[in-house]
Amino acid sequence: MFAREDGTPIRPSWLTARFLVLQEDVTVPVDAEKPEGPQRPLRRVRLHDLRHGTASLMIAAGVDVAVVSKVLRHSTIKLTVDTYGHLLPGVGEAAAEQRAGMIPRAAPRTDCQSSAKHGA
């Protein structure tokens, strides 16, 4: 994924260690409304978190899932959908509508049916 200027690969463990060192002195506001107020250490962020965040932002921006899959170098689009499908707009609603369409609806009652059932 990452390489030196001469093209040789960078060991993931080396890169991860350097990335963690960069975060050691980073602080963020305790209250986002008061950026100059008290600070706390940044929650540790892994390189994988950046990858996941990027994919989530791409999907939120409406990038086609096939493109997201290629950027992430997933072996299949199914892997991308299985991982990030919950973020796709309207997927939950569409699935609910599809399931609801499989359930037969009761026929509307007429006044005669309703009266006969209640002994009227």
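When the letters of the sequence shown are read in order and numbered with this note's numbering, they come out as residues 3 to 122.
Note that the Cβ used here is the ideal one computed from N, Cα and C, for glycine as well.
Give the DSSP bridge partners of residue i, in chain order.
i	result
Thr29	Pro43
Ala5	Pro11
Would you please state the rounded distance, in angstroms, between the beta carbons of residue i and residue j? I believe it to be under 8 Å.
i	j	result
Arg42	Val28	The Cβ separation is near 10 Å, so there is no contact.
Val67	Val83	6 Å
Ile12	Phe21	At roughly 11 Å, the Cβ-Cβ gap does not stay under 8 Å, so Ile12 and Phe21 are not in contact.
Leu89	Ile61	5 Å
Mark residue i as exposed unless 16 or more other C-beta atoms lie within 10 angstroms of its C-beta, in which case mark it buried.
i	result
Ala34	exposed
Ser15	exposed
Ala19	exposed
Val30	exposed
Val70	buried
Which residue marks the beginning of the alpha helix (DSSP H) containing residue i, and which one marks its end?
i	result
Val65	Per DSSP, Val65 belongs to no alpha helix (DSSP H) and is neither H nor E.
Lys80	79 to 86
Could you tell me the alpha carbon to alpha carbon distance between residue i and residue j, rounded to whole angstroms?
i	j	result
Val65	Pro37	32 Å
Leu17	Ala63	29 Å
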